Structure formats: C-alpha cells, structure tokens
Amino acid sequence: MHRPPRHLRPDPRWLEHLERRLEDREWIACPDFTAADIVMAGVLRTIRKSDRMEPFPKLKAYYARCFARPAWERTLGLYAERIGVSVDAIR
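In short: position in the sequence shown from 1, add 153, done, that's the numbering used here.
Next comes the structure, spelled out in structure tokens:
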C-alpha cells in the first residue's frame, strides 16, 4: 500500500472533524459544491491510496462525490492522455 510522506498525512483528528462536519451536509462550506470542495478533494487525494479514510464513511462518500463530478472526470481523462497513462493509473 502506498504511504505518503509524514508531512502529507493528515492528522486523524482533522479527518474526524471533517467526518463530523459532513454528518448533515453534502459539501464542506455550504449546500452547493464550491472551491472549498475542490481544494479539500485535492488534499484528500494525497491519501487516496492509503487506509486513512477507512474509518470515516461520510468522508469517503464525500471524496467519491467530488471525484464523480463530470468536470473532474473530463479533467482526469485529459490529464491522463497528456501524460500518456491510463485514467486508472492516476485515479
């Protein structure tokens, strides 16, 4: 399993806070998807291949929602094509 360097691993307390924040909402800042969600998804992406999100089902669902958005799928496809890898290699 891929393990990011220590400085890239979020403190579990921070992940717990996000889990609580997502108890009654779909997105981080407000009812709509915003730049805050784009930034947060990018941060969470650094731990996507680890087990850090495993204890947090709401956070995992949030991450999946962020990356299931059509714009993200298009961006990922274009980026994979540009660097010459499969989308699954960078997902």
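A virtual CB, placed ideally from N, CA and C, is assigned to each residue, including glycine.
Just so you know, these numbers come straight off a predicted model, no measurement behind them.
- A direct Cα-Cα distance of roughly 12 Å separates ARG227 from ARG244.
- In terms of Cα proximity to VAL192, the closest of GLU207, TYR215, PRO208 and PHE209 is TYR215.
- Each residue's CA atom was taken as its position, placing PRO223 and MET206 some 23 Å apart.
- Of the other Cβ atoms in all chains shown, 16 or more fall within 10 Å of the Cβ of LEU171; this residue is therefore buried.
- Residue environment for ALA221: exposed (fewer than 16 other C-beta atoms within 10 angstroms of its C-beta).
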